[in-house]
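Trainee: Numbering (our numbering), first residue to last: 2 to 202.
The beta carbon of each residue, even a glycine, is placed where N, CA and C say it ideally should be.
Quick one: this structure, given as structure tokens, is what I'll be asking you about.
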Ligand SMILES: CC(C)(COP(=O)(O)OP(=O)(O)OC[C@H]1O[C@@H](n2cnc3c(N)ncnc32)[C@H](O)[C@@H]1OP(=O)(O)O)[C@@H](O)C(=O)NCCC(=O)NCCS
């Protein structure tokens, strides 16, 4: 695996840029929309209050941004090329097994969110293709293992459109802003499958 970090990626309509502090408030505002965080955020439910407070979050993001250029960080802010507006975030982070142990670094998880104002225009798919292609082709990861709430069709539709295979077993997730556990589909995408399908996208 090549630790190349969050190098800028370009698509027809989007720029995926290394994160900076400048767009973090906008990204936080998007993330605090219930429709966005509902099936995305799965940090401890005890953090609900802190997440909703910008002053606390600003400190967190300032610390996080100190590592935005680290070569083992794969996390981008998504910008519209036309207007320069920041519309979302996409990442390829460590993957954890059912015992909460981190898997080897070349097996990774993915995450994405898009401002609801811009959803349904295939920006999510476009950003995901660019990031996944970079991760398999240039960074050289072997596999993506991820999940999406069964009710979160827009997210797993991206996975299925891009060739992820749905596994038989589902799993339960405690999302941060939900009181009940949620059932998630589990998905896998291997490098070989990506490379064989890529041409047809
Ligand atoms: C998941 C998300 C990033 C998708 O972004 P997007 O830019 O709207 O995605 P796309 O426009 O590329 O659409 C993906 C698919 O979902 C479908 N879709 C979009 N909005 C939908 C909706 N409200 N209901 C059902 N399907 C929807 C699209 O038609 C497309 O399906 P297709 O491949 O059959 O055409 C966005 O919905 C989001 O930010 N959700 C909240 C955060 C989240 O849950 N992240 C994922 C955690 S696993």
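For residue 45, which three-state DSSP category applies?
Mentor: Three-state result, residue 45: coil.
Trainee: Give every residue of the same chain whose Cβ lies closer than 7 Å to the Cβ of residue 18, excluding the five residues on either side of it in the sequence, and list them in chain order.
Mentor: Correct list, in chain order: 9, 77, 78 and 80.
Trainee: Using a Cβ distance threshold of 8 Å, determine whether the stretch 133 to 153 contacts the stretch 181 to 196, with at least three qualifying pairs required.
Mentor: Counting Cβ pairs under 8 Å, three or more are found: they touch.
Trainee: Considering only heavy atoms of ligand 1, does any lie closer than 7 Å to the CB of residue 125?
Mentor: Yes; taking the cut-off as 7 Å, the Cβ of residue 125 has a heavy atom of ligand 1 nearer than that.
Trainee: Evaluate residue 70 with the Cβ neighbour count: other Cβ atoms within 10 Å of its Cβ, from every protein chain shown; 16 or more gives buried, anything less gives exposed.
Mentor: Under this definition residue 70 is an exposed residue.
Trainee: Look at the alpha carbon of residue 109 and the alpha carbon of residue 32, and state the distance between them as a whole number of angstroms.
Mentor: Answer to the nearest angstrom: the Cα atoms are 22 Å apart.
Trainee: Taking Cβ positions, are residue 1 and residue 93 nearer each other than 8 Å?
Mentor: In the structure displayed, the chain extends from 2 to 202; residue 1 sits before or after that span and is not available.
Trainee: Do you know offhand how far residue 23's Cα is from residue 98's?
Mentor: The alpha-carbon atoms of residue 23 and residue 98 are separated by roughly 34 Å.
Trainee: Determine, using beta carbons only, whether residue 5 and residue 139 come nearer to each other than 8 Å.
Mentor: In this structure, residue 139 lies closer than 8 Å to residue 5 by Cβ.
Trainee: Let me check you understand the geometry: is the CB of residue 238 closer than 7 Å to at least one non-hydrogen atom of ligand 1?
Mentor: This structure cannot settle anything about residue 238, because the visible part of the chain is limited to 2 through 202.
Trainee: If you run the structure through DSSP and keep just helix, strand and coil, what is residue 104?
Mentor: Reduced to three states, the DSSP call for residue 104 is coil.
Trainee: What does DSSP give as the partner residues of residue 145 in its beta bridges?
Mentor: According to DSSP, which records beta bridges pairwise, residue 145 is partnered with 109 and 190.
Trainee: Using only the alpha-carbon positions, how far apart do residue 117 and residue 42 sit?
Mentor: Their Cα atoms are separated by approximately 16 Å.
Trainee: Please list the terminal residues of the continuous beta strand (DSSP E) segment that includes residue 94.
Mentor: 87 to 95 is the span of the beta strand (DSSP E), which, as asked, contains residue 94.
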